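Student: Below is the structure I would like to discuss, written out as structure tokens.
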Amino acid sequence: MKNILFAVSEIEGLVKTGGLADVAKALPLALNKLGHNARIVIPYYQQIAKILPKDNAIKSYAFPLNLNITYQVNVHVFEHTGLTIYCVDIATLFDRSGIYGDDYHAFEDNGERFSVFSIAILYFFQHFATQLSFSPNIIHCNDWHTALIPMLFKHDDYWKQANCDTILTIHNGAFQGIFSKKSVPSLISKLGTSHPNYEHDVVNFLKLGIVFAGRVVAVSPNYAQELLTELGSHHLFDIFQQVKHKTSGILNGCDYKDWSPEQDQLIHTPYGPNSLEKKLENKKDLQQQAGLTVDANIPIVAQVCRLTDQKGLDYLIPALRELVQHKVQILVAGTGDPIYVDQLEFLAQKHPDKLHFHHGYSEKLAHSYMAGADYFLVPSLFEPCGLTQMYALAYGTLPIVREVGGLKDTVIDLAFDDATGVVFSQPDCSHLIAAIRRGLLFYREYPERYKNLQVRAMDTKFLWHDSANQYLELYETLLR
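The working numbering puts the sequence shown at residues 770 to 1249.
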């Protein structure tokens, strides 16, 4: 049995901004089901304190961190949703209304916040392992927020001699945690100002994690390959080339308990691969809720996402201007960059019978779109893994995806006998339009084949059990 400490900045059910949170819950649960002891360590944000008040903690520990500034740290231990969760409570850094920032503005001291969080983790599990009856064999770090841990680990005599090593999973390499030296005084006081892996006057957290981690894991095999290219490396090509011997990709799984059309309480009518006719009830309900013509014969193309350039909005919006000329209904929902919000609102007002835009997000809305649509758009500029295309497959809503990252690993194009969706290659308007047109033509001209694809899509599974086993194999290579 291995003791695995999952160091992360968010977790589904407590605090979430994206897919990282889903992995932070699902992977440790899967590891525990395989007989191991995986636990979570996370900052004690205001949002978490509302759900897990410190009075409900099983145990709390207090200690000072004597850095440039003396931080008083409390660690509260909770049992929640089948997981042991350590919440690192540093009020001056994490007792705020936001997680990473306010609205669209990041906190200026994010570098210091997550430096101190990382330092506190190593200090706590060194000095309190006996009381906890838990000493990690693997510290599994995630994205830039905890990417300093491998570097701190390699510079600490205690951890260098411990039966332990580090792994860094990259969920999105575009976000690297780049900060000026003067904004991370605790890190500088810990390691000095002239470390050879600093970049002049700045510190790149993700880069340091990549250099010092025992293994680097991307969240899909194809994304791992992209990180080794100049185009896909997010400007870290030289670094990834240096560590390619320890870089690999493991595809994320999908939580089919929350995303099962047969058991979904958030949709109008549950259905399965043997009752696909009931999916039409969800389609009619979605059309009605969106104020569109209720007609089962009109294909619906839907998208639910963060409205950012990563999600392909720069070529999706021009494509919408042309697609509204077709016999199709397009539904888009999400929040994000006001530039995209304004354009989508304008197009929806101009074409109310063809295009519906919902500025917002809710679980019920996401499930309703997934169940009611015929096609689901994921035309991302880049997509490390992607989860929505997995959800779409489970709901028999064929994904239209760009051939990038985890999308390439999970969706098979119409041109192949084992097709599960529509795939296009180039990140531009014309290729996206061509892909959607191919999907619409297939829907209208080959209804029986379309239904067969739906069934095949619903039978396609990406299980966390499989992902967890691959991670365990990786842990073994570090601990031999």
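Don't be surprised by glycine CBs; every beta carbon is placed ideally from N, CA and C.
These numbers were taken from a predicted model, which means no experiment stands behind them.
Give the single residue among K1220, F1185, Y830, L789 whose Cα lies nearest to the Cα of K1048.
Tutor: On the sequence shown, position 279 is the one that residue 1048 refers to. Out of K1220, F1185, Y830, L789, K1220 has the C-alpha closest to the C-alpha of K1048.
Student: Output needed for Y813: all residues of its chain with C-beta closer than 7 angstroms, excluding positions within five of it in sequence on either side, in chain order.
Tutor: Within the sequence shown, the letter at position 44 stands for residue 813. Counting only Cβ-Cβ distances below 7 angstroms, and skipping sequence neighbours, we find H845, C856, V857, D858, F863.
Student: Compute the Euclidean distance between the alpha carbons of K976 and L1005, then round it to the nearest angstrom.
Tutor: Counting from 1 along the sequence shown, the entry for residue 976 is found at position 207. Counting from 1 along the sequence shown, the entry for residue 1005 is found at position 236. Roughly 8 angstroms separates the two Cα atoms.
Student: Got a sec? Which residues, its chain only, sit under 8 angstroms from L1248 by beta carbon, not counting five neighbours each side?
Tutor: Numbered from its first residue, the sequence shown carries residue 1248 at position 479. Closer than 8 angstroms at the Cβ level, and outside the excluded window around L1248, lie K771, N906, I907, N932, D934.
Student: Using 8 angstroms as the cut-off, can you tell me whether the stretch 1178 to 1197 makes contact with the stretch 1026 to 1035, which would need three or more C-beta pairs spanning the two stretches below that distance?
Tutor: no
Student: Answer yes if the stretch 907 to 924 comes into contact with the stretch 874 to 893, meaning at least three C-beta pairs across the two stretches below 8 angstroms, and no otherwise.
Tutor: Three or more beta-carbon pairs separated by less than 8 angstroms link the stretch 874 to 893 to the stretch 907 to 924, which places the two stretches in contact.
Student: Please report the straight-line C-alpha distance between F893 and L997, rounded to a whole angstrom.
Tutor: Position 124 of the sequence shown holds residue 893. Position 228 of the sequence shown holds residue 997. Distance between the alpha carbons of F893 and L997: 35 angstroms.
Student: Mark L1156 as exposed unless 16 or more other C-beta atoms lie within 10 angstroms of its C-beta, in which case mark it buried.
Tutor: Position 387 of the sequence shown, counted from the start, is the residue given in the question as residue 1156. Classification of L1156: buried, given that the 10 Å Cβ count is 16 or more.
Student: Could you tell me how far apart the beta carbons of I811 and V777 are, in whole angstroms, since I believe they sit closer than 8 angstroms?
Tutor: Taking the first residue of the sequence shown as 1, we reach residue 811 at position 42. Taking the first residue of the sequence shown as 1, we reach residue 777 at position 8. Correct: roughly 6 angstroms between the Cβ atoms.
Student: Find the nearest neighbour of R1075 within the set V1110, H1120, L1089, D1054, judged by alpha-carbon distance.
Tutor: Residue 1075 sits at position 306 when you count from the first residue of the sequence shown. Checking every option, the nearest Cα to that of R1075 belongs to V1110.
Student: Per the DSSP calculation, V1191 is bridged to which residue(s)?
Tutor: Working through the sequence shown from its first residue, we reach residue 1191 at position 422. Beta-bridge pairing links V1191 to I1169.
Student: May I ask which residues mark the beginning and end of the beta strand (DSSP E) holding K828?
Tutor: Working through the sequence shown from its first residue, we reach residue 828 at position 59. Here the beta strand (DSSP E) through K828 covers 828 to 835.
Student: Would you call the stretch 1100 to 1108 and the stretch 1122 to 1129 touching, i.e. three or more CB-CB distances under 8 angstroms?
Tutor: yes
Student: Go through its chain and collect everything with a Cβ distance to L1020's Cβ below 6 angstroms, but skip five positions before and after it.
Tutor: Looking up residue 1020 in the sequence shown gives position 251. Contacts found: S989, D1178.
Student: Report the partner residues of C910 according to the DSSP bridge assignment.
Tutor: For the purposes of this step, residue 910 is taken as residue 141 along the sequence shown, with counting starting at 1. According to DSSP, which records beta bridges pairwise, C910 is partnered with A776, L937.
Student: When you compare the stretch 1180 to 1198 with the stretch 1143 to 1159, are there three or more beta-carbon pairs, one atom per stretch, that lie closer than 8 angstroms?
Tutor: With a cut-off of 8 angstroms, the stretch 1143 to 1159 and the stretch 1180 to 1198 count as touching, because enough Cβ pairs lie within range.
Student: Assuming A1204 and L1162 are in contact, meaning their beta carbons sit under 8 angstroms apart, how far apart are those beta carbons, in whole angstroms?
Tutor: To locate residue 1204, count along the sequence shown from 1; it is residue 435. To locate residue 1162, count along the sequence shown from 1; it is residue 393. Wrong, their Cβ atoms sit about 17 angstroms apart, outside the cutoff.
Student: From D1235 to V1012, what distance separates their C-alpha atoms?
Tutor: On the sequence shown, position 466 is the one that residue 1235 refers to. On the sequence shown, position 243 is the one that residue 1012 refers to. Cα to Cα, D1235 sits roughly 25 angstroms from V1012.
Student: Reducing DSSP to helix, strand and coil, say where G1175 ends up.
Tutor: On the sequence shown, residue 1175 is found 406 positions in, with the first residue counted as 1. Looking at G1175 - three-state DSSP - the assignment turns out to be helix.
Student: Mapping DSSP to helix, strand and coil, what is P1216?
Tutor: Indexing the sequence shown from 1 puts residue 1216 at position 447. Residue state, collapsed to three classes: helix.
Student: Does DSSP classify P812 as helix, strand or coil?
Tutor: The sequence position of residue 812 within the sequence shown is 43, counting from 1. Here P812 sits in strand by DSSP.
Student: Within 10 angstroms of the Cβ of S791, are there 16 or more other Cβ atoms? Answer buried if so, exposed if not.
Tutor: Numbered from its first residue, the sequence shown carries residue 791 at position 22. Correcting the residue type first, residue 791 is Asp in the shown sequence and not Ser. The residue is buried, with at least 16 neighbouring Cβ atoms inside 10 Å.
Student: From L1232 to L803, what distance separates their C-alpha atoms?
Tutor: Position 463 of the sequence shown holds residue 1232. Position 34 of the sequence shown holds residue 803. Each residue's Cα considered, the two are about 13 angstroms apart.
Student: Assuming L1092 and I1099 form a contact by the criterion Cβ under 8 angstroms, report the distance between their Cβ atoms to the nearest whole angstrom.
Tutor: What you label residue 1092 is simply residue 323 of the sequence shown in a count that begins at 1. What you label residue 1099 is simply residue 330 of the sequence shown in a count that begins at 1. The Cβ separation is near 6 angstroms, so the contact holds.
Student: What are the boundary residues of the beta strand (DSSP E) that includes H1127?
Tutor: For the purposes of this step, residue 1127 is identified with residue 358 of the sequence shown, where counting begins at 1. Note, H1127: beta strand (DSSP E), 1124 to 1128.
Student: What is the DSSP secondary structure of I957, reduced to helix, strand or coil?
Tutor: As a first step, residue 957 must be located in the sequence shown, where it is residue number 188. The answer is helix: DSSP assigns I957 an H, G or I state.
Student: Just mark T1246 as buried or exposed, buried being the case when its beta carbon has 16 or more other beta carbons within 10 Å.
Tutor: Counted from its first residue, the sequence shown places residue 1246 at position 477. By the 16-neighbour rule on beta-carbons within 10 angstroms, T1246 is exposed.
Student: For a quick check, are the C-beta atoms of I1202 and A1059 less than 8 angstroms apart?
Tutor: By 1-based counting over the sequence shown, the position of residue 1202 is 433. By 1-based counting over the sequence shown, the position of residue 1059 is 290. Result no, Cβ atoms of I1202 and A1059 do not sit closer than 8 angstroms.
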